[in-house]
Structures are given as structure tokens and as C-alpha cells.
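Asker: Numbering (my numbering), first residue to last: 617 to 1064. This is the structure I have questions about; it appears just below.
Okay, here's the thing in C-alpha cells:
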């Protein structure tokens, strides 16, 4: 049965601004817990406006009792404007001194390695920038579903997805360290400013560096072409549900979010490919008992020649660029935080306690195979495979108007990295955000 076209218009306007005057105090030579002198600090304001317009249609046609075809199409227009003002109430004199011939000595840089970090860069003082991006995207899907019998459904699909581009709402500057090269964004900002590239004695002959703020902090929209072939099975008098899907996804301008110890920076990776198989099962052997499980195998990799097409942050491994020069580990490698295998399982049991009062027990577990948690794929940032186990016990009426729950997360107190990164200005040291430790508590739910 066909469905008529569906029309939808969406518009959005967003204003945002923020102040963060509390920075690392020990770099200022002041006691731990203090920051700038009273009345001094850093204040950056970001005013972003966004408008979105979209129109789409989705149609299904029942060719036969067994075969159904679906086609959908969507047009999206995005416009985003960003006005930024950077202010330092201190004048960054230490950084300004470092930019002179005398201040460029290796000794000065070694003594104060963060003296020209973005939050202390004097070139950001009273800097105002305006940016605007406008983009269009046509996306859609084609799907064929064939019901083999009452128990088995086979399907195949193609879909093109779109994720809008945007801005890094933080300070980005050109690298000013040894063995770095200028990204296109740096060269453009320096050319527009009229300031020359400053020679740096730490760098090889002919190499150049700069403190120039990057005016263009935008990143490109992301697109994905996705192909799927799958089976959905309902077996044994509907007590067993078994699904399996083979997938292939190709991302263009994949939005990679990298943390360098000070800021997160989103950059566009030209090509990423993910392929694999995803399975899940639900089994209900008796009344009140449900067993669930899932297994995914996924090869998610950068393209073989990705580094030659990447600009910032693949040009230095500096405060503004968290990845190493050339991103030599990326081509052909698996993405960070992309396990080859992942599996999950759960057991749930429900039973009447008295009248309509129900008791429920749930225990679940998730296994994640070895992954690299660093955007630069440094082997020292690898997290070995681990399993997290959670449990929940609840009591409440069958109509779910209220419930009392006792729960525990990560009940075996597994230690694991969420993200690892280089210690800023501390060569050879690594820091990490750790996952939540064992937590437990109680929850009361009431619905009206």
C-alpha cells in the first residue's frame, strides 16, 4: 500500500555564549587552586545562529503479498553563522616575549612550554572573527523486504546519510613547535593577517612556525553511504527472535573529535570504511524469563592514504593539533574506540509477588574487545578487552504507576580508559579519562 508524500519545514535559531576564567593556575606561578590575579582572566564569546530547512518523502509499495519496496528522499539546507570575540585581561606578555628572537631560544621554550598555549596567546587579545557556512544535502533510502514465510523476513537496503558541519567553539592556533608544518588553515590565516611566518630556532633549517590564531574553525559536513543485507527470524512459536545483518558503510569527511589535553578539536577525515556483521537474539523459554544476547564484528578503518589529505590537526601534535606530524599511524588502521568485537547479554526474570505487585531482576553484561583510546593511535593508549556487568532489582505494580529499584553499575569495579591523551607539555607522559567505577543506588519512579 502506498503512502502519500510528507512535507516538513524546520527552522532553528540558537544563541550561545560562555565564560571560563578558571584555567591552570600552577603555570602562572601561583598557589594551586588560584588562577589569574583578581579581576583578570580569559573571556571568549561565541554567538552562533543556525537555520535548517528540510523537505522529505517516504513511500512504500506492496508489489506482492511477499515483496515490499520502500523509497525515501530528503533535501536539507543548513546555514550557520558564528561571531566570535576573544579577550585576555592579561596581555600575554610572556608569550609575546617568547615570539621575539631572544625569546625563541630552546631554553626559554623548555622552561615554559605552555607559555604560548592558546589560552595565553597574546594574538587572541581583542580578536573578533566572523564565519558563515551554507550547505545543501540530498539523502535518501531504497529498501526491498521479502517475506519468505511467516517466520522469516529477508531485506536489503541502501541509504545515504548526512551530518551537518559546524564550528569548533574554542581557540585554535597554528603550531609553534619543532618539526611542524603549516596546515592550509594556518597559511590562510597568516596570509590574511599580513603577519610573516616567524622563524623558530628549534625547527630544522627552512622550517617555520607561527602563533597566528586560526580564523576558520569550521569543519565539513559528514556523509555516509550504507548498505545492508539482513534476515529477521521469529521461531519456535515466537519464543525465539534471531536477527542477523551484514553491513558496509563508507564515510566521507568523517568528523573526528580529538582531545589534546586542553581542548577538543573536530577535524574531517576524508574517508572511513566500516564493514561487518551484527547479530542479536531474544529467547523466552518460560513465562517471565527473557534471555538476550548480541554479537558484532566490525572492521572500521581509515583509508590507506588518509594522512596525505588531512590538514590540521594532522600537522604537528601541538597544543592546537593533537595528532602527530603526518598522522603516520592512521592510514589503513582501525579507528580509535572502534572494537573489532563487541558482545552483550542480559537475563531478566519477572514474577508476581502478591496480587498485582511484580518483582523484577535484571543482570546484564557487555564485552568490548581491545581498542586504542587515543586519536593518534599511540600503542601506549591501548585499552585491553574488558567486561562491564550491571544489575537491577525492582518492585512495583503491573501497571507501572510506581516502582522501587535497587541497582548497581560496573559491579565488579572494572578499571578502563575511556579516552587517553598526551600530557600537555610533558613529553612521554599520558593521561586518561577513566570509566565510571562501581556505583550503586536506589531509584523511586512515579507516573501520573
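Backbone N, C-alpha and C define an ideal beta-carbon position, used for all residues, glycine too.
Apart from the five residues just before and just after residue 672, which ones in its own chain have a Cβ nearer than 6 Å to its Cβ?
Answerer: Looking up residue 672 in the chain shown gives position 56. Once the five neighbours on either side are set aside, the close Cβ partners of residue 672 are 690.
Asker: Indicate whether the contact test is met: 3 or more Cβ pairs, each with one atom in the region 825-835 and one in the region 752-769, closer than 8 Å.
Answerer: At 8 Å Cβ cutoff, the stretches do not touch.
Asker: Do three or more CB pairs link the region 770-779 to the region 836-851 at distances below 8 Å?
Answerer: Yes: at least three Cβ pairs fall under 8 Å.
Asker: According to the neighbour-count rule (16 or more other Cβ atoms, all chains shown, within 10 Å of its Cβ), is residue 1063 buried or exposed?
Answerer: In the chain shown, residue 1063 corresponds to position 447, counting from 1. Its Cβ having fewer than 16 others within 10 Å, residue 1063 is exposed.
Asker: Per DSSP, what are the beta-bridge partners of residue 1036 in this structure?
Answerer: Here residue 1036 refers to the residue found at position 420 when the chain shown is read from its first residue. In DSSP, residue 1036 forms a bridge with 1048.
Asker: Quick one: which unbroken beta strand (DSSP E) runs of 3-plus residues sit fully inside the region 999-1026? Chain order, please.
Answerer: Listed in chain order, the complete beta strand (DSSP E) runs (minimum 3 residues) inside the region 999-1026 are 1002-1013, 1018-1025.
Asker: For the beta strand (DSSP E) holding residue 886, just list the boundary residues, first then last.
Answerer: Counted from its first residue, the chain shown places residue 886 at position 270. Here the beta strand (DSSP E) through residue 886 covers 880-899.
Asker: Hey, how far is the Cα of residue 1009 from the Cα of residue 1016?
Answerer: Counting from one through the chain shown, the residue named residue 1009 turns up at place 393. Counting from one through the chain shown, the residue named residue 1016 turns up at place 400. Approximately 14 Å, taken between the alpha carbons.
Asker: With DSSP run on the structure shown, which of helix, strand or coil describes residue 835?
Answerer: Stepping through the chain shown from its first residue, residue 835 is reached at position 219. Correct three-state label for residue 835: strand.
Asker: So, for residue 758: in the same chain, excluding its five sequence neighbours on each side, which residues have a beta-carbon less than 6 Å away from its beta-carbon?
Answerer: Stepping through the chain shown from its first residue, residue 758 is reached at position 142. Taken in chain order, the residues that qualify are 687, 774.
Asker: How far does the beta strand (DSSP E) with residue 862 in it reach, from first residue to last?
Answerer: Translated into positions along the chain shown, residue 862 becomes position 246. Unbroken beta strand (DSSP E) run through residue 862: 856-875.
Asker: Please report the distance separating the alpha-carbon of residue 892 from that of residue 858.
Answerer: Sequence index remark: in the chain shown, residue 892 carries index 276 (1-based). Sequence index remark: in the chain shown, residue 858 carries index 242 (1-based). Taking the straight line from one Cα to the other gives about 17 Å.
Asker: Exposed or buried, residue 997, counting other C-beta atoms within 10 Å across all chains shown (16 or more means buried)?
Answerer: As a position in the chain shown, residue 997 is number 381, starting the count at 1. By the neighbour-count rule (16 or more Cβ atoms within 10 Å), residue 997 is buried.
Asker: Taking C-beta to C-beta, are residue 847 and residue 770 nearer than 8 Å?
Answerer: For the purposes of this step, residue 847 is identified with residue 231 of the chain shown, where counting begins at 1. For the purposes of this step, residue 770 is identified with residue 154 of the chain shown, where counting begins at 1. In contact: residue 847 and residue 770 (Cβ atoms closer than 8 Å).
Asker: Can you give, in chain order, each stretch of the beta strand (DSSP E) that sits fully within the region 753-781 and has at least 3 residues?
Answerer: DSSP runs (the beta strand (DSSP E)) wholly in the region 753-781: 768-779.
Asker: Which term fits residue 649, buried or exposed, when burial requires 16 or more other beta carbons within 10 angstroms of its beta carbon?
Answerer: In the chain shown, the residue the question calls residue 649 occupies position 33. Note that residue 649 has pLDDT 44, beneath the 50 cutoff, so the model's placement of it is unreliable and the number below is only indicative. So residue 649 ends up on the exposed side.
Asker: Which one of 884, 860, 700, 779 has the shortest CA to CA distance from residue 740?
Answerer: On the chain shown, residue 740 is found 124 positions in, with the first residue counted as 1. Of 884, 860, 700, 779, the residue nearest in Cα terms is 700.
Asker: Just curious, the beta strand (DSSP E) that residue 982 is in, first and last residue?
Answerer: Your numbering for residue 982 matches position 366 in the chain shown. 973-984 is the extent of the beta strand (DSSP E) around residue 982.
Asker: Classify residue 672 as helix, strand or coil using the three-state DSSP reduction.
Answerer: Taking the chain shown and counting its residues from 1, one reaches residue 672 at position 56. Note: residue 672 maps to strand in three-state DSSP.
Asker: Among 854, 787, 916, whose alpha-carbon lies nearest the alpha-carbon of residue 902?
Answerer: To locate residue 902, count along the chain shown from 1; it is residue 286. Comparing Cα positions, the closest option is 854.
Asker: Could you tell me if residue 1054 is buried or exposed, where buried requires 16 or more neighbouring beta carbons within 10 angstroms of its beta carbon?
Answerer: Indexing the chain shown from 1 puts residue 1054 at position 438. It counts as exposed.
Asker: So what's residue 947 in DSSP terms, helix, strand or just coil?
Answerer: Stepping through the chain shown from its first residue, residue 947 is reached at position 331. The answer is coil: DSSP assigns residue 947 none of H, G, I, E or B.
Asker: Would you identify the three-state DSSP class for residue 788, choosing helix, strand or coil?
Answerer: For the purposes of this step, residue 788 is taken as the residue at position 172 of the chain shown. Coil at residue 788, not helix or strand.
Asker: Give me the Cα-Cα distance between residue 874 and residue 666, rounded to the nearest whole angstrom.
Answerer: Locating residue 874 in the chain shown gives position 258, counting from the first residue. Locating residue 666 in the chain shown gives position 50, counting from the first residue. Whole-angstrom Cα-Cα distance: 24 Å.
Asker: By Cβ distance below 6 Å, which residues in the same chain neighbour residue 1005 in space, the five residues on each side in sequence not counted?
Answerer: Taking the first residue of the chain shown as position 1, residue 1005 is located at position 389. Taken in chain order, the residues that qualify are 981, 1027, 1028.
Asker: Less than 8 Å separating the beta-carbons of residue 767 and residue 683?
Answerer: Within the chain shown, the letter at position 151 stands for residue 767. Within the chain shown, the letter at position 67 stands for residue 683. No, they are not a contact pair.
Asker: Leaving aside the five residues before and after residue 644 along the sequence, list all residues of the same chain whose C-beta is less than 6 Å from its C-beta, in chain order.
Answerer: Walking along the chain shown from the start, residue 644 turns up at place 28. Bear in mind that a pLDDT of 46 at residue 644, under 50, signals an unreliable position, so the number given afterwards is only what the model happens to contain. Nothing meets the Cβ criterion.
Asker: Report the rounded CA-to-CA distance for residue 692 versus residue 764, giving the unit in angstroms.
Answerer: Taking the first residue of the chain shown as position 1, residue 692 is located at position 76. Taking the first residue of the chain shown as position 1, residue 764 is located at position 148. About 36 Å.
Asker: Beta-carbon within less than 8 Å of residue 989's beta-carbon, same chain only, minus the 5 sequence neighbours each way: which residues are those?
Answerer: Taking the chain shown and counting its residues from 1, one reaches residue 989 at position 373. Counting only Cβ-Cβ distances below 8 Å, and skipping sequence neighbours, we find 952, 953, 997, 998, 999, 1033, 1034, 1035, 1036, 1048.
Asker: Would you report the Cα separation of residue 958 and residue 743, rounded to the nearest angstrom?
Answerer: As a first step, residue 958 is located in the chain shown; it is residue number 342 there, counting from the start. As a first step, residue 743 is located in the chain shown; it is residue number 127 there, counting from the start. Roughly 47 Å separates the two Cα atoms.
Asker: Going by CA-CA distance only, name the one from 677, 694, 786 that's closest to residue 703.
Answerer: Residue 703 sits at position 87 when you count from the first residue of the chain shown. When each option's Cα is compared against that of residue 703, the closest is 786.
Asker: Which residues bound the beta strand (DSSP E) around residue 969?
Answerer: As a first step, residue 969 must be located in the chain shown, where it is residue number 353. Residue 969 -> beta strand (DSSP E) spans 957-970.
Asker: Just verifying my parser: in three-state terms, what is the DSSP assignment at residue 1042?
Answerer: Here the question's residue 1042 lines up with position 426 in the chain shown. In this structure, residue 1042 counts as coil in the three-state DSSP scheme.
Asker: Taking C-beta to C-beta, are residue 887 and residue 919 nearer than 8 Å?
Answerer: Locating residue 887 in the chain shown gives position 271, where the first residue counts as 1. Locating residue 919 in the chain shown gives position 303, where the first residue counts as 1. Yes, Cβ-Cβ distance for residue 887 and residue 919 is below 8 Å.
Asker: Tell me residue 843's beta-bridge partners as DSSP assigns them.
Answerer: Sequence index remark: in the chain shown, residue 843 carries index 227 (1-based). Paired residues: 774, 864.
Asker: Relative to the alpha-carbon of residue 872, which residue among 979, 1012, 836 has its alpha-carbon at the smallest distance?
Answerer: Here residue 872 corresponds to residue number 256 of the chain shown, with the count starting at 1. Nearest C-alpha to residue 872: 836.
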